[in-house]
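Presented below is the structure to which this report refers.
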Ligand code: ATR
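Pasting the structure below:
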């Protein structure tokens, strides 16, 4: 039996097992199973050793371990190195490699939305500017692909976080970002405002800052459960377009599945329905 895991704390709400088990069944990987496991920091080393000893075939890592897992790994793949955040593990030879598929998941979502295809982003792009709220564990996975996009256009990535020093830490990794005070708005039109904070996970959560802006701005929330946070609801009521983190979640899962199995699953209605029915 090939066992795959998603590890985190808390982990009850993770929908990764549903998605991956669906694909495993669909592609007749009858010897594979994907489960969730709540772990503590002290278990991380053991998990990595179990991959090395072939007791576990692959692992997804979620909050709060995406950074904490790094010291136990042998190598980081590109996006994991750029973001210093890991969400997927597998063994290559005798080495345990850490990957970041959140980053590619977000890049695919944004390029779909902006109407670029990934091959096209090797050429110059029209200007795109982005405003990011938050500087937590997942934020670097959003900034990295945006820097990649704006690196090909004259755009700017603005970051604002309640605790400014956490945003300043991100500037060490991404020197080109511009930091704003919490509650301050970028002085220019931004194509997207992106919530990467944990505010919204509880239905009543509210950021309590003024985000009123041009109607053409897309409001994007990484949270997909609940489906519509107050951040998205208020933007919708102001007349802006909104999008939740569902597609990014599915894209990161697809990229992880590809890393483990070499099979590229489709993000089709069937798999979207699995999330919507939950
Ligand atoms: P991590 O993702 O690193 O585990 P987290 O505690 O879940 O961290 O917080 C993620 C992000 O949500 C951070 O940017 C955090 O802001 P701080 O750096 O100021 O802690 C942000 N966040 C959490 N609660 C918030 C709130 N009530 N208002 C504004 N931002 C908040």
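In this note's numbering, the protein residues as written are 36 to 313.
Ideal Cβ placement from N, Cα and C applies to all residues, glycine included.
Counting only the same chain and skipping the five closest in sequence on each side, list residues whose C-beta sits under 7 Å from that of residue 118. As a first step, residue 118 must be located in the chain shown, where it is residue number 83. Around residue 118: 135, 138, 175, 176, 179.
Going by beta-carbon coordinates alone, are residue 170 and residue 231 separated by less than 9 Å? In the chain shown, counting from the first residue as 1, residue 170 sits at position 135. In the chain shown, counting from the first residue as 1, residue 231 sits at position 196. The answer is yes: Cβ separation under 9 Å.
Report the three-state DSSP secondary structure of residue 36 (helix, strand or coil). Here residue 36 corresponds to residue number 1 of the chain shown, with the count starting at 1. Correct three-state label for residue 36: coil.
If we ignore side chains and look at the alpha-carbon of each, how far apart do residue 310 and residue 280 end up? Locating residue 310 in the chain shown gives position 275, where the first residue counts as 1. Locating residue 280 in the chain shown gives position 245, where the first residue counts as 1. Taking the straight line from one Cα to the other gives about 11 Å.
Got a sec? Which residues, its chain only, sit under 8 Å from residue 102 by beta carbon, not counting five neighbours each side? The residue you call residue 102 lines up with position 67 of the chain shown. Excluding positions up to five away in sequence, the list reads 119, 120, 121, 172.
Near residue 143, what residues of its chain come up, given a Cβ to Cβ distance below 7 Å and the 5 sequence neighbours on each side ignored? Residue mapping note: residue 143 aligns to position 108 of the chain shown, counting from 1. Counting only Cβ-Cβ distances below 7 Å, and skipping sequence neighbours, we find 286.
Collapsed DSSP secondary structure at residue 71 in the structure displayed: Residue 71 sits at position 36 when you count from the first residue of the chain shown. Of the three classes helix, strand and coil, the one that applies to residue 71 here is strand, per DSSP.
Which residues DSSP lists as bridging residue 283, in chain order: The count along the chain shown starts at 1 and reaches residue 283 at position 248. DSSP output for residue 283 lists no bridge partner at all.
According to DSSP, which residues form a beta bridge with residue 278? Here the question's residue 278 lines up with position 243 in the chain shown. Residue 278 is bridged to 255.
Taking DSSP as the reference, what is the three-state secondary structure of residue 154? Walking along the chain shown from the start, residue 154 turns up at place 119. Legend: pLDDT at residue 154 = 46, less than 50; position of this residue unreliable, value from coordinates given subsequently. Reduced to three states, the DSSP call for residue 154 is helix.
Span separating the alpha-carbon of residue 51 from that of residue 88: Counted from its first residue, the chain shown places residue 51 at position 16. Counted from its first residue, the chain shown places residue 88 at position 53. Taking the straight line joining both Cα atoms gives about 24 Å.
Just to confirm, is the Cβ distance from residue 44 to residue 83 under 9 Å? Position 9 of the chain shown, counted from the first residue, corresponds to residue 44. Position 48 of the chain shown, counted from the first residue, corresponds to residue 83. Not in contact: residue 44 and residue 83 (Cβ atoms no closer than 9 Å).
Can we count residue 197 as close to ligand 1, meaning its CB is less than 8 Å from some heavy atom? Here residue 197 refers to the residue found at position 162 when the chain shown is read from its first residue. The answer is yes for residue 197.
Assign residue 198 to one of two classes, buried (16 or more other C-beta atoms within 10 Å of its C-beta) or exposed (fewer than that). Counting from one through the chain shown, the residue named residue 198 turns up at place 163. Looking at its Cβ environment, which holds fewer than 16 other Cβ atoms inside 10 Å, residue 198 is exposed.
CB-CB under 6 Å to residue 264, same chain, minus the five flanking residues each way: which ones, in chain order? Numbered from 1 along the chain shown, position 229 holds the residue referred to as residue 264. Cβ within range, chain order: 235, 256, 258.
Where residue 143 falls: helix, strand or coil (DSSP): The sequence position of residue 143 within the chain shown is 108, counting from 1. Residue state, collapsed to three classes: helix.
Ligand 1 heavy atom lying under 8 Å from the CB of residue 242: The sequence position of residue 242 within the chain shown is 207, counting from 1. Residue 242 Cβ: within cutoff of ligand 1.
Roughly how many angstroms separate the alpha carbons of residue 128 and residue 37, rounded to a whole number? To locate residue 128, count along the chain shown from 1; it is residue 93. To locate residue 37, count along the chain shown from 1; it is residue 2. If I take the Cα positions, the gap works out to 17 Å.
Counting only runs that start and end within the stretch 59-111, where is the alpha helix (DSSP H) found for 4 or more residues in a row? 79-87
Taking only three categories from DSSP, how would you classify residue 295? As a first step, residue 295 must be located in the chain shown, where it is residue number 260. Correct three-state label for residue 295: helix.
I want to check one thing, is the minimum distance from the CB of residue 121 to the heavy atoms of ligand 1 below 8 Å? As a first step, residue 121 must be located in the chain shown, where it is residue number 86. No, the beta carbon of residue 121 sits no closer than 8 Å to any heavy atom of ligand 1.
Can residue 76 and residue 41 be called in contact, C-beta distance under 9 Å? As a first step, residue 76 is located in the chain shown; it is residue number 41 there, counting from the start. As a first step, residue 41 is located in the chain shown; it is residue number 6 there, counting from the start. Cβ distance not < 9 Å, so residue 76 and residue 41 don't count as in contact.
Would you decide whether residue 218 is buried or exposed? Buried here means 16 or more other CB atoms lie within 10 Å of its CB. As a working mapping, residue 218 is identified with position 183 in the chain shown. Per the 10 Å Cβ criterion, exposed.
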